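A.B. asks: Please see the structure below; I have some questions.
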Amino acid sequence: MPAPLNLKSFAQKQRHNKAKFNAYLESLLDAQPEQLDATVAAAAPKVWEVTDCLSCANCCKKMSPTFTSADIKRIASHLKMTPKAFKEKYLYQPPNDTDWMNRSQPCQFLNLNDNKCSIYEVRPADCAGFPHFDKFPTVDYMHVHQQNVAYCPATYNLVE
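For what it's worth, the working numbering labels the leading residue of the sequence shown as 203, then goes sequentially.
So, in structure tokens, the structure goes:
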């Protein structure tokens, strides 16, 4: 089991390296190295060996997933609500956008005592796939990794 994360230390490290990491990710996007996908695929298991998501939950505390129509229907059904009532209670749609996002942060489904998701079995696909290391080609998801590196120690460790 990985050691619990020190979120204050992570935040300091992340702030210190933010510009350098973003420049590095931009350079990968520009260069599109041939072995990038293989490098990410090989590094990801090592990252998970040292990452304890339950001691962090920054993704749930500081970010919002995108809810698809299928997510909304599935979660609403699980909560015995209509999709319309679910959206009205929990979600908002940013202006000029088709995405549905959480109204509040931290996520309304996060138990702050143990960092567990109360709807884990039916959570949004965006949450289930987070931090999206397994999506290839990596360059197609570079914008996602650029966002995630600011909040997710696993993404930070992968880039590091």
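Every residue gets a Cβ at the ideal spot worked out from N, C-alpha and C, and that includes glycine. Quick caveat: nothing in here was measured; it's all calculated off a predicted structure.
(1) Taking 8 Å as the cut-off, decide whether the C-beta atoms of V242 and T340 are in contact.
(2) Measure the C-alpha to C-alpha separation of P247 and D336 and round it to an integer number of angstroms.
(3) Are the beta-carbon atoms belonging to P333 and N317 less than 8 Å from one another?
(4) Assign Q295 to one of two classes, buried (16 or more other C-beta atoms within 10 Å of its C-beta) or exposed (fewer than that).
(5) What are the boundary residues of the alpha helix (DSSP H) that includes D239?
(6) Considering just the uninterrupted stretch of the alpha helix (DSSP H) at H345, what are its terminal residues?
(7) Which residue marks the beginning of the alpha helix (DSSP H) containing L364, and which one marks its end?
(8) Closer than 8 Å is the cut-off here; do at least three beta carbon pairs connect the stretch 245 to 260 with the stretch 204 to 217?
(9) Distance check for S257 and V346, CA to CA, integer angstroms please.
(10) Quick one: is Q214 buried, meaning 16 or more other Cβ sit within 10 Å of its Cβ, or exposed?
(11) Just tell me which of P297, C319, V361 has its CA closest to the CA of M344.
(12) Rounded to whole angstroms, how far is the Cβ of L230 from the Cβ of L238, which I believe are closer than 8 Å?
(13) In angstroms, rounded to a whole number, what distance separates the CA positions of Y322 and N208?
C.D. replies: According to the structure data:
(1) Translated into the one-based positions of the sequence shown, residue 242 becomes position 40. Translated into the one-based positions of the sequence shown, residue 340 becomes position 138. One thing to note: V242 has its Cβ within 8 Å of the Cβ of T340.
(2) The count along the sequence shown starts at 1 and reaches residue 247 at position 45. The count along the sequence shown starts at 1 and reaches residue 336 at position 134. Roughly 10 Å separates the two Cα atoms.
(3) Here residue 333 corresponds to residue number 131 of the sequence shown, with the count starting at 1. Here residue 317 corresponds to residue number 115 of the sequence shown, with the count starting at 1. Result no, Cβ atoms of P333 and N317 do not sit closer than 8 Å.
(4) Taking the sequence shown and counting its residues from 1, one reaches residue 295 at position 93. Flag for Q295 reads exposed.
(5) Reading the sequence shown from its first residue, position 37 is the one you call residue 239. Residues 238 to 251.
(6) For the purposes of this step, residue 345 is identified with residue 143 of the sequence shown, where counting begins at 1. It spans 344 to 350 - the alpha helix (DSSP H) in which H345 sits, taken as one unbroken run.
(7) Past the edges of the chain, shown from 203 to 362, lies residue 364, and the structure says nothing about it.
(8) yes
(9) By 1-based counting over the sequence shown, the position of residue 346 is 144. By 1-based counting over the sequence shown, the position of residue 257 is 55. Taking the CA atoms as reference points, V346 sits about 22 Å from S257.
(10) Walking along the sequence shown from the start, residue 214 turns up at place 12. With fewer than 16 Cβ atoms within 10 Å of its Cβ, Q214 is classed as exposed.
(11) Here residue 344 corresponds to residue number 142 of the sequence shown, with the count starting at 1. Ranking the options by Cα distance to M344, first place goes to V361.
(12) Taking the sequence shown and counting its residues from 1, the one referred to as residue 230 is at position 28. Taking the sequence shown and counting its residues from 1, the one referred to as residue 238 is at position 36. Beta-carbon to beta-carbon, L230 and L238 are separated by about 6 Å, close enough to satisfy the 8 Å threshold.
(13) The sequence position of residue 322 within the sequence shown is 120, counting from 1. The sequence position of residue 208 within the sequence shown is 6, counting from 1. Each residue's alpha carbon lies about 24 Å from the other.
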